[in-house]
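**Student:**
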Amino acid sequence: MEILFYHPTFDVTQWTPLLQRHLPHARLRAWQTGDNAPADYALVWHPPYEMLRGRTHLKAIFVLGAGVDSLLSRLNEHPDLLPPGVPLYRMEDTGMAAQMQEYAVSQVLHWFRRFDDYAALQREARWEPLEEYRHADFTVGVLGAGVLGGQVAQRLRGWGFPVRCWSRSRKTYPDIESFAGADELSAFLRGTRVLINLLPNTPETAGIINAGLLAALDDNAYVLNLARGAHLVEDDLLSALDNGKVKGAMLDVFQQEPLPAQSLLWRHPHVRITPHVAAVTRPDEAALFIAQSISRIERGDAPQNQVDVTRGY
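Residue numbers (my numbering): 340 to 652.
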């Protein structure tokens, strides 16, 4: 079994023993320019245009991450980037859900316990207990209720927060209010104090967190963007922070990455920044998922998490 591998930063020698632990007969080879030799499967992240073109004999292509937007966005320029008829899969979870839950819960608790306010008081050497927030007044709204969004919503519900979610099609989770479609977005936003974005990045969701959406949130709202920078109109967020509509923001993803040094987001007192690390691909867990998926294909079954190229996720 021949498996092609391409990732701009991952080392193929790290992945080989992890995959062979589950697929002893697999041979993993790093793709290089000019490599047109046959292969059964491909594991990719930001692959060069010529890597996959014409490889119609592949049984499957696996994207080494939860998002496929960076790959699908190139289809307009290169319609033959993906070989026709070859199924495309993204990582189902591979540890990302747990990481995303840790990140989201820690930040919501940071805001709920008013640690930013206490940090400001500390800078002034002021000893001043503040009025506590109540869970009932701290409704968390999760944009995107797929694998990651659903698990984040459920974990926050376990901490006692009222939680609601919004997605393209209605999702059902215990004790979580569900909204779906454009017609219900306004109702979802009304009463939301903490907005967490975990939407897929598609043409329909680009720029969805804009001035109009932010204005519909509760006063003194908080924004946590964990999905893609394209979802957020950064200037609109800065305006909402400056006029007091939004009290704080935590951003892990940006329109341009790395975030340029001249960006006002770096220096805004109510913005916290991390460099796209909320949930990363863990090779050992990803290798297990890929091996299990390949085994299903070899048995004639269909793995989970096939990408609908038309919908973009």
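The beta-carbon is built from N, C-alpha and C at its ideal position, and this holds for glycine as well.
Fair warning: this is a prediction, and the values are worked out from it, not measured in the lab.
Which residues in the same chain have their Cβ closer than 7 Å to the Cβ of residue 544, if we skip the five residues on either side of it in sequence?
**Tutor:** Within the same chain, residue 544 has close Cβ partners 538 and 570.
**Student:** What runs of the beta strand (DSSP E), each 3 residues or longer, lie entirely inside the region 538 to 622?
**Tutor:** As far as the region 538 to 622 is concerned, its whole beta strand (DSSP E) runs of at least 3 residues are 560 to 564, 585 to 590 and 610 to 612.
**Student:** Which partner residues does residue 480 have in the DSSP bridge list?
**Tutor:** Looking at the DSSP assignment, residue 480 forms a beta bridge with 503 and 534.
**Student:** Going straight from the alpha carbon of residue 471 to that of residue 453, what length do you get?
**Tutor:** Roughly 8 Å separates the two Cα atoms.
**Student:** Measuring CA to CA, which of 639, 503 and 407 is closest to residue 567?
**Tutor:** Of the listed residues, the one whose Cα sits closest to residue 567 is 407.
**Student:** Can at least three beta-carbon pairs, one atom from the region 437 to 446 and one from the region 623 to 636, be found at a separation below 8 Å?
**Tutor:** Too few Cβ pairs lie closer than 8 Å, so no.
**Student:** From residue 611 to residue 340, what does the alpha carbon distance come to, in whole angstroms?
**Tutor:** Between residue 611 and residue 340, the C-alpha separation is close to 46 Å.
**Student:** To the nearest angstrom, how far is it from the Cα of residue 493 to the Cα of residue 607?
**Tutor:** One C-alpha to the other measures close to 31 Å.
**Student:** Mark residue 461 as exposed unless 16 or more other C-beta atoms lie within 10 angstroms of its C-beta, in which case mark it buried.
**Tutor:** Classification of residue 461: exposed, given that the 10 Å Cβ count is below 16.
**Student:** Is the region 355 to 369 touching the region 392 to 403, taking contact as three or more C-beta pairs under 8 Å?
**Tutor:** The answer is no - the region 392 to 403 does not touch the region 355 to 369, with fewer than three Cβ pairs under 8 Å.
**Student:** My parser needs the beta strand (DSSP E) runs of 3 or more residues fully inside the region 340 to 425; what are they?
**Tutor:** Segments of the beta strand (DSSP E) lying fully in the region 340 to 425: 341 to 345, 366 to 369, 380 to 383 and 399 to 402.
**Student:** Quick check on residue 386: buried or exposed, where buried means 16 or more other Cβ atoms within 10 Å of its Cβ?
**Tutor:** Classification of residue 386: buried, given that the 10 Å Cβ count is 16 or more.
**Student:** Pick from 483, 596 and 557: whose alpha carbon is nearest that of residue 586?
**Tutor:** Selected option, being the one with the closest Cα: 557.
**Student:** In chain order, which alpha helix (DSSP H) runs of at least 4 residues are fully inside the region 434 to 488?
**Tutor:** Listed in chain order, the complete alpha helix (DSSP H) runs (minimum 4 residues) inside the region 434 to 488 are 435 to 451 and 454 to 462.
**Student:** Using only CA atoms, which one of 477, 503, 583 and 593 lies nearest to residue 488?
**Tutor:** The residue with the shortest Cα to Cα distance from residue 488 is 503.
**Student:** Which class does residue 521 belong to by DSSP, given the choice of helix, strand or coil?
**Tutor:** Residue 521: helix per DSSP, three-state reduction.
**Student:** Just how far apart, CA to CA, sit residue 617 and residue 435?
**Tutor:** Each residue's alpha carbon lies about 8 Å from the other.
**Student:** Distance check for residue 536 and residue 602, CA to CA, integer angstroms please.
**Tutor:** Distance between the alpha carbons of residue 602 and residue 536 is about 21 Å.
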